[in-house]
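Residue numbers (UniProt numbering): 1 to 233. C-beta: ideal position from N, C-alpha, C; glycine also. Computed from a prediction, not measured in an experiment: that's the story for all the values here.
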């Protein structure tokens, strides 16, 4: 899950959920040092207890500290999907009520969530590009790469790296799509209407990387077209 304020100045660690409390690939690394907030559940699904724990132990303290550090009132609203696995709004509230969650009406969350306005898809493209670069750098077959090299720990660090590539402008752009008056919300950091950001990352470079590597001899033009269509969705 992805969390950031409207200006992009406060991007919190990604929220990741796995099945195991401490997977074998984590050996030698303490979870508290991970670049993400890692939780676990039997099916690697979100649960009410996990989200409530994260909200009170991570979100509230970090938002409180950030707002104080920039001299802003300690008041914040967390926009989050209204899913069955999420606790009631009344449970996601700081002790003084100044930091709380807001669930948009059902079926329209994707229209109101800033992260759904290009941020998540851009992060996924960064992730795909970095994953492909890692695969091409290994002297392994694709099958051996998945079996012997890539694991949940590698995926976590790769996801964190891709999230780090999301710029302030990416975040701001997503808010501008929701509110024509976003300049009032995020200040002077907002780009002008005729200034483009890197919110759209072409898959062309990925296709070129694949096309010139013998590991992908079975990839044809149809596969390339599917890749590009996925980028546009």
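For residue 170 against residue 119, the beta-carbon gap comes to about 6 Å, under 8 Å, which counts as contact. Below 8 Å, enough C-beta pairs join the stretch 87 to 101 and the stretch 60 to 76 to call them touching: three or more. Here residue 31 is not near residue 41, since their CB atoms are 8 Å or more apart. Sixteen is the threshold: when 16 or more other Cβ atoms of the shown chains lie within 10 Å of the Cβ of residue 86, as they do, the residue is buried. A residue is called buried when at least 16 other Cβ atoms come within 10 angstroms of its Cβ; residue 8 meets this threshold and is buried.
For the pair residue 21 and residue 43, the CB atoms are not nearer than the 8 Å cut-off.
Residue pairing by DSSP places residue 93 opposite 100 in a beta bridge. Contact between residue 127 and residue 83 fails: their C-beta atoms lie close to 23 Å from each other, not under 8 Å. DSSP, reduced to helix, strand and coil, places residue 164 within a helical segment of the structure shown. For residue 152 and residue 116, the gap between their C-alpha atoms comes out near 25 Å.
Counting the other CB atoms within 10 Å of its CB gives residue 69 a total below 16, which places it among the exposed residues. The Cβ atoms of residue 158 and residue 130 lie closer than 8 Å to each other. Per DSSP, reduced to three states, the secondary structure at residue 13 is coil, with no helix or strand assignment. In its chain, beyond the 5 residues on either side, 103, 104, 109 and 113 have a beta carbon closer than 8 Å to the beta carbon of residue 81.
Judged by their CB atoms, residue 38 and residue 166 are not nearer to each other than the 8 Å cut-off. In the three-state DSSP reduction, residue 150 falls in the coil class, being neither helix nor strand. Rounded to whole angstroms, the gap between the alpha carbons of residue 58 and residue 136 is 36 Å. Under the three-state reduction of DSSP, residue 157 is assigned to helix.
For residue 67, the closest alpha carbon among the candidates 147, 106 and 4 is that of 4. Judged by DSSP in its simplified three-state form, residue 65 adopts helix. A distance below 7 Å between beta-carbons, with the five flanking residues on each side excluded, links residue 174 to the following residues of its chain, in chain order: 114, 115, 117, 118 and 119.
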